[in-house]
Amino acid sequence: MKKEVNITQKLRQVINSAMSAILVALGFASCSDSPWGGAVELYGTPTSSYHVKGLVTDESGQPVKGIKVSVKPDYSKAILPAIDSAYTDSKGQYVTQKNYGPGSPMFSRMIVIEDADGEANGGAFQNDTLREKDVELKKVAEGHGAWNEGEFEITANAKLKKK
Numbered sequence: 178m179k180k181e182v183n184i185t186q187k188l189r190q191v192i193n194s195a196m197s198a199i200l201v202a203l204g205f206a207s208c209s210d211s212p213w214g215g216a217v218e219l220y221g222t223p224t225s226s227y228h229v230k231g232l233v234t235d236e237s238g239q240p241v242k243g244i245k246v247s248v249k250p251d252y253s254k255a256i257l258p259a260i261d262s263a264y265t266d267s268k269g270q271y272v273t274q275k276n277y278g279p280g281s282p283m284f285s286r287m288i289v290i291e292d293a294d295g296e297a298n299g300g301a302f303q304n305d306t307l308r309e310k311d312v313e314l315k316k317v318a319e320g321h322g323a324w325n326e327g328e329f330e331i332t333a334n335a336k337l338k339k340k
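Throughout, this note's numbering is defined as the position within the sequence shown, counted from one, plus 177.
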């Protein structure tokens with residue numbers, strides 16, 4: 178005798194299996210105590226806070242005033258708005274406000290340096306982009322809790338070339 182399978186029941190089994198696999202992939206299966214004891218596994222994203230500071234000079238080492246320095250997301254070639262920006266002062270120095278984000282401070286971020294005033298303040302300069310390998314990352318405060326990695330200071334100095 179051949180057993181007949183109800184189509185609705187089979188479809189429900191497939192959907193339940195697929196949903197279980199998706200929830201496991203998202204981490205929901207590990208959000209509670211293990212039945213065998215041990216530590217609780219957490220689900221979430223580590224965060225950190227940071228500010229960016231630095232010095233912008235021309236090729237001869239002279240400070241450049243009026244240069245816009247922006248912290249931007251670095252996702253492929255997408256044009257996204259800046260997270261924060263600051264302008265250099267008469268000494269070529271800048272500091273951004275404290276920002277918060279997922280992961281380490283340079284995770285998917287770049288620092289874009291743009292000549293915002295053209296010929297003023299020493300001439301027209303080429304724009305530049307700094308990434309993780311171009312900056313110094315210093316931890317200035319420990320994090321608290323399981324997901325806070327702490328506070329960081331990013332030093333991003335740039336030497337701009339004239340156009």
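Glycine residues also receive a C-beta, built at the ideal position from the N, C-alpha and C atoms.
Note to self: Just to check my reading of the structure: GLY306 and LYS230 have Cβ atoms closer than 8 Å, yes? What is that Cβ distance to the nearest angstrom?
What the structure shows: Looking up residue 306 in the sequence shown gives position 129. Looking up residue 230 in the sequence shown gives position 53. Looking at the sequence itself, residue 306 is Thr, so the reference to Gly does not match. That pair is no contact at about 17 Å.
Notebook entry, point to check: To the nearest angstrom, how far is it from the Cα of GLY221 to the Cα of TYR271?
Noted result: The sequence position of residue 221 within the sequence shown is 44, counting from 1. The sequence position of residue 271 within the sequence shown is 94, counting from 1. In a straight line, the C-alpha of GLY221 is about 33 Å away from that of TYR271.
Notebook entry, point to check: What did DSSP end up calling GLN190 once you bin it into helix, strand or coil?
Noted result: Your numbering for residue 190 matches position 13 in the sequence shown. Residue state, collapsed to three classes: helix.
Notebook entry, point to check: Between GLN190, ASN325, PRO240 and ARG308, which lies nearest to TYR264 when the distance is taken from Cα to Cα?
Noted result: Along the sequence shown, read from residue 1 onward, the residue named residue 264 stands at position 87. Selected option, being the one with the closest Cα: PRO240.
Check: Skipping 5 residues on each side, what residues in its chain have a beta carbon closer than 6 Å to that of LYS340?
Finding: Residue mapping note: residue 340 aligns to position 163 of the sequence shown, counting from 1. Closer than 6 Å at Cβ, skipping near neighbours: ALA301 and GLN303.
Check: Are there 16 or more other CB atoms within 10 angstroms of the CB of ARG286, so buried, or fewer, so exposed?
Finding: Within the sequence shown, residue 286 is the residue found at index 109, counting from 1. The residue is buried, with at least 16 neighbouring Cβ atoms inside 10 Å.
Checklist line | Distance, LEU232 Cα to LYS268 Cα | finding: Locating residue 268 in the sequence shown gives position 91, where the first residue counts as 1. Locating residue 232 in the sequence shown gives position 55, where the first residue counts as 1. Cα-Cα distance, rounded: 8 Å.
Note to self: I'd like the list of long-range same chain contacts for GLU236, defined as Cβ closer than 8 Å, with 5 residues on each side in sequence excluded.
What the structure shows: The residue given as residue 236 occupies position 59 in the sequence shown. LYS336, LEU337, LYS338 and LYS339.
Checklist line | For GLU330 and ASN298, the rounded distance between their alpha carbons | finding: As a working note, residue 298 is residue 121 in the sequence shown. As a working note, residue 330 is residue 153 in the sequence shown. Cα to Cα, the separation comes out at about 27 Å.
Checklist line | Which listed residue (PRO279, ASP294, ARG308 and LYS187) has its alpha carbon closest to that of ASN325 | finding: Sequence index remark: in the sequence shown, residue 325 carries index 148 (1-based). Closest option to ASN325, Cα to Cα, is PRO279.
Next item on the list: Measure how close the beta-carbons of VAL248 and ASN276 come, nearest whole angstrom, since I'm counting them as under 8 Å.
Entry: Working through the sequence shown from its first residue, we reach residue 248 at position 71. Working through the sequence shown from its first residue, we reach residue 276 at position 99. At roughly 7 Å, the Cβ-Cβ gap stays under 8 Å, so VAL248 and ASN276 are in contact.
Margin query: Using 8 Å for Cβ pairs, my map puts ASP266 next to LYS245. What's the rounded Cβ distance?
Written below: Position 89 of the sequence shown, counted from the start, is the residue given in the question as residue 266. Position 68 of the sequence shown, counted from the start, is the residue given in the question as residue 245. The pair is not a contact, with the Cβ atoms about 12 Å apart (cut-off 8 Å).
Check: Among the residues of its own chain, which have a CB less than 6 Å from the CB of ASP294, if the five just before and after it don't count?
Finding: Your numbering for residue 294 matches position 117 in the sequence shown. Once the five neighbours on either side are set aside, the close Cβ partners of ASP294 are GLY243.
Notebook entry, point to check: Helix, strand or coil for ILE331 per DSSP?
Noted result: Walking along the sequence shown from the start, residue 331 turns up at place 154. Reduced to three states, the DSSP call for ILE331 is strand.
Item checked: Beta-carbon contacts of GLU328 that lie in its chain and below 6 Å, excluding the five residues immediately before and after -> Position 151 of the sequence shown, counted from the first residue, corresponds to residue 328. Cβ within range, chain order: SER226, VAL317 and ALA318.
Check: How would you label THR273, buried or exposed, when you count the other beta carbons within 10 angstroms and need 16 or more for buried?
Finding: Taking the first residue of the sequence shown as position 1, residue 273 is located at position 96. It is buried - the Cβ of THR273 has at least 16 other Cβ atoms within 10 Å.
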